[in-house]
Each structure stands twice: as C-alpha cells, then as structure tokens.
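S.K.:
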Amino acid sequence: MLSNFNVLLGVSGGIACYKSCEIVSRLKKLGAGVDVVMTTHATEFVSALTFETLSARPVVSDMFNRDRQWEVEHISLAKKADICIIAPATANVIAKLAEGIADDMLTTTALALKCPIIIAPAMNTNMYSNVAVQANLDALKARGFVVIEPTSGRLACGDSGKGKMAEPADIVAKAVDVLMPKRDYKGKKLLITAGATRENIDGVRFITNRSSGKMGVEIAKAAARRGGEVVLVKGLTQVEIPSYISKVISVESTAQMYDAVMENYADCDVIIKAAAPGDYRPVETITNKLKGDEITLKLTKNPDISKAVGEVKGDRKLIVFCAETQDLLVSAKQKLQSKNADMVVANDVTAEGAGFDVDTNIVTIIKRDGSSANYPKMKKSEVADAILDEALK
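Numbering (the numbering used here), first residue to last: 47 to 439.
Here you go:
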C-alpha cells in the first residue's frame, strides 16, 4: 500500500518510545521505507539497534557522526520524506517545534521538512493540560501539523488521565489517510482475479497462456490503497503480491478458480475478472509423461466464470476483461452482453505497449449503458485507478 512512500519517524525521549517500534513494524508491513531519527534521550528508553533492525536502515541521532558517507544528513532525510511522524512527541520537542528551535538532529530535520508532519503527544496528564503545552499545540495546528490526540488511562508515572500516546495502529492509519486521501472504496469489498491458469496434460506438461497477472494485481493494490477490502484469486503470476491485500487465494486450474470465485463473490460489492483462465482443458490427464512421435489431445470446455457470476450477481457490479487480437470492440460489446456484465475493459494484445508481459496497457472501457472511454498508453497502475474510477461513476 505504501510501497512508493518514505516515512521519517522522529522519536523523542519518553516511555512511550516502546510503542514506536510497532509503528515502524506496521509501516514496513505496508511497504513503506522508514528512516528513524532519535533524540539522545530517546536512546535511553529504546536502543537505536532495535529501530535499525525493524527499519533495516541506520538510525540517526548524533548530528556530528562522521562514520557515514558525507552528506548534509538532516537535509537529505528531509528531502526524501513523504511524511514525518513524531511519536512520541514530548512537551520539550513540541515546544521546540513551536518556537523553531533546532538544537538536535530531530528538530533540525523537522525545520527542513516540506512534507506533512504528524505529531503524537505523550506525557503526564498535568503536563499535557498545561497552558503552555496547549498553546504550542495550537500554534503547530495553525501551521498545518496533524496532531493525534493522546488517550486517557493510567500513565507510567502512576497518574490517570489524558496523556497516553495514541495506539500505533491509529497513528499509522492517520499517516495512510494523509498520504492517500482518496479512500473512496472504504467500506467496499472487491473480489479480483489475476493471472493465468494451467491445465495439466500429463505429469510434466500443461496448457497455459501468456498472462503475467500484472494488471489484476495492480487493480488489487489500487483498490486496497483506496480503502477497499480485497479478495484476490490468483493463478500463475509473475509479480509479488503485497502483504496488505486482505485475502489471497492461490489456484492452479480454471475449475479451481471457478470454485474460489463462486465461494467468495456473495460477500463482495464488486467483482473484477482480470485473470486469463484457460478456455479448455484436456478431457483426460495422464499421470505419467506421454511419449510417442505424435500425441493427440482431446480438449473440453472449461466452466465460464464470468458468465456464472453474471447469472447470480444481483446488485453486485461485475467488470470483465476482453483481450483480443482482432475485432476488439465488437468482441468486447458481445462479451458485455453475454456475461451480463456492467463494464468491460477491452485491450488489443497485439498493440505495442499493451497486453501481456509489459508494465503498460491501452484500454477502452465500455459500460452497459453504451458509454465508453478510450485511454492512451498508461502504466498498468494508472489503468487500475482509471478502472476503479469508472466503476464508481
């Protein structure tokens, strides 16, 4: 979900430092790159080695460390950051940020940032309610800082009240919302198919096609980024499946893909059939390797997954793909009707920059009401967002 983003995590000296370890872990699981800057006092609570192990990057705390390749480090960290999270943010650091003081690596880097900054205060409840702290927080909010309010409960000092740092899951969720404000699929569940199927001929051979699964996986990634809950049914794919996809079902044959789709479609709002399941399979599969000068295969038709879904979809939206080598638009319109689909994504796999094994595509989207939209050559990630945009219209 965050594979294209770099997060700068600032950790200041409070007992809530231990929670920041989970922030790094959650960000990494979402695919983000994470750089950690610690104040000297923060290293008294959690070691730099812990954050280095979790982030797989060196931790920065000393402004005058000469053990690394030369660069103006606070500037380089600021330039590469897409977002900064300061958690925990102590009263001291909040005051420095409000007044523009830069006397350590964290505050010096913060002054050089151009990206959004999230701060998660954590301190004693009396400190948090102090008029000076509240005035500093108000000043930061007025400058565009995103403040995640602390929660109430028993504090490390033994007092009870407001001052506990927000939970790591809530802090990371806020970062996702800031980085990806387009969350128009939140609350929706999508079933997406991707990749090729294969039908065994004998113990070593099988029938398949050239689908790489790139288009279907990009749609799944885009839907998840936009807040959707995704069930991905994948055949043979040549791309990595990110860990943030809600549910991944791996299948081999068209029959297995059919079963997986029919078992899961009922809970979904949108079904997108981007896979390339084989149309035919051998009538008989031989256990051992076939031998001989000539081999004759008798094929039979596989179940039509899109048609089966179209017959039972009800109010669900069904989007199908039409990959052709000729008569593209005629075939696409026929498929739209015969599958009882709501939208068809048509592409000529013979066109340069479209089809299988490439990172781009050229598509025409046709809807059931007869409207259509032509898209030029685009990255498949961009095509994925275009498909999801059209599905919402």
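Heads up, the beta-carbon is just placed ideally off N, CA and C, and yes, glycines get one too.
On the criterion of 16 or more Cβ atoms from any shown chain inside 10 Å, does I433 qualify as buried, or is it exposed?
M.R.: I433 comes out buried.
S.K.: One question on the structure: do T239 and S258 come within less than 8 angstroms of each other, judged by their Cβ atoms?
M.R.: Contact check for T239 against S258 fails: the beta carbons are separated by 8 angstroms or more.
S.K.: Using beta-carbon positions only, say whether D325 and N310 come within less than 8 angstroms of one another.
M.R.: In this structure, N310 does not lie closer than 8 angstroms to D325 by Cβ.
S.K.: Using a Cβ-Cβ cutoff of less than 6 angstroms, which residues in the same chain neighbour D350 once the five nearest sequence positions on both sides are dropped?
M.R.: none
S.K.: Could you tell me the alpha carbon to alpha carbon distance between C67 and T96, rounded to whole angstroms?
M.R.: 8 angstroms
S.K.: To the nearest angstrom, how far is it from the Cα of D128 to the Cα of V222?
M.R.: 11 angstroms
S.K.: According to the Cβ coordinates, are K443 and S384 closer than 8 angstroms?
M.R.: For residue 443 there is no data in the structure shown, the boundaries of the chain being 47 and 439.
S.K.: Drop a sphere of 10 angstroms on the beta-carbon of I341, count the other beta-carbons inside from all chains shown, and report buried for 16 or more, exposed for fewer.
M.R.: exposed
S.K.: Suppose you measure from the CA of K187 to the CA of K160; what does that come to, to the nearest Å?
M.R.: 15 angstroms
S.K.: May I have a chain-ordered list of the alpha helix (DSSP H) segments no shorter than 4 residues that lie completely inside the region 304-333?
M.R.: none
S.K.: Would DSSP call R189 helix, strand or coil?
M.R.: coil
S.K.: Please name the residue, chosen from G241, A400, M173, that lies closest to A135 on a Cα-to-Cα basis.
M.R.: M173
S.K.: For my contact list, G79 and V53 are in at a C-beta cut-off of 8 angstroms; report their separation, rounded to the angstrom.
M.R.: 7 angstroms
S.K.: Which residues in the same chain as F252 place their Cβ atom closer than 7 angstroms to its Cβ, once the five residues preceding and following it in sequence are excluded?
M.R.: R244, E245, N246
S.K.: So what's M84 in DSSP terms, helix, strand or just coil?
M.R.: strand
S.K.: Are the Cβ atoms of I217 and A133 separated by less than 8 angstroms?
M.R.: I217 places its beta carbon less than 8 angstroms from that of A133.
S.K.: Taking the Cβ atom as the reference point for each residue, do I295 and V263 lie within a distance shorter than 8 angstroms?
M.R.: no
S.K.: Evaluate E275 with the Cβ neighbour count: other Cβ atoms within 10 Å of its Cβ, from every protein chain shown; 16 or more gives buried, anything less gives exposed.
M.R.: buried
S.K.: What separation, rounded to the nearest whole angstrom, lies between the Cα atoms of D150 and V297?
M.R.: 53 angstroms
S.K.: Counting C-beta neighbours from all protein chains within 10 Å, is the total for T327 16 or more, i.e. buried, or is it exposed?
M.R.: Note on residue identity: the sequence assigns Arg, not Thr, to residue 327. When all chains shown are included, R327 counts as buried.
S.K.: Just grab the DSSP bridge partners of R200 for me.
M.R.: S206
S.K.: Ordered along the chain, which non-local residues of its own chain (more than five positions away) have a Cβ less than 7 angstroms from that of T396?
M.R.: T371
S.K.: Buried or exposed, going by whether 16 or more other CB atoms sit within 10 Å of the CB of W116?
M.R.: Confidence is the limiting factor: at W116 the pLDDT is only 45, short of 50, which leaves the residue's position unreliable, though a coordinate-based value still follows. Per the 10 Å Cβ criterion, exposed.
S.K.: Does DSSP put V118 in a helix, in a strand, or in coil?
M.R.: Annotation note: pLDDT 48 at V118 (below 50); position unreliable, coordinate value reported separately. V118: coil per DSSP, three-state reduction.
S.K.: Which same chain residues end up closer than 8 angstroms to T333 when comparing Cβ atoms and leaving out the 5 residues on each side of it in sequence?
M.R.: D248, G249
S.K.: In terms of residue numbering, what span does the alpha helix (DSSP H) encompassing V34 cover?
M.R.: For residue 34 there is no data in the structure shown, the boundaries of the chain being 47 and 439.
S.K.: Can you list, in chain order, the residues of its chain with a C-beta nearer than 6 angstroms to that of L76? Leave out the 5 residues immediately preceding and following it.
M.R.: M47, L48, Y290
S.K.: Residues in its own chain within less than 8 angstroms of S427 by CB, not counting five upstream and five downstream?
M.R.: E264, K267, A268
S.K.: Have a look at S292, S198, N182 and flag the residue whose alpha-carbon is nearest the alpha-carbon of G233.
M.R.: The option with the nearest alpha carbon to G233 is S292.
S.K.: Rounded to a whole number of angstroms, what is the C-alpha to C-alpha distance between V118 and T86?
M.R.: No answer about V118 holds up, because its pLDDT of 48 lies below 50 and its placement is not dependable.
S.K.: If M84 sits next to A94, beta carbons under 8 angstroms apart, how far is it from one beta carbon to the other, in whole angstroms?
M.R.: 6 angstroms
S.K.: Among the residues of its own chain, which have a CB less than 8 angstroms from the CB of E203, if the five just before and after it don't count?
M.R.: For clarity, residue 203 is Cys in the given sequence; the question names Glu instead. Closer than 8 angstroms at the Cβ level, and outside the excluded window around C203, lie N170.
S.K.: For M303 versus P323, is the C-beta spacing smaller than 8 angstroms?
M.R.: One thing to note: M303 has its Cβ within 8 angstroms of the Cβ of P323.
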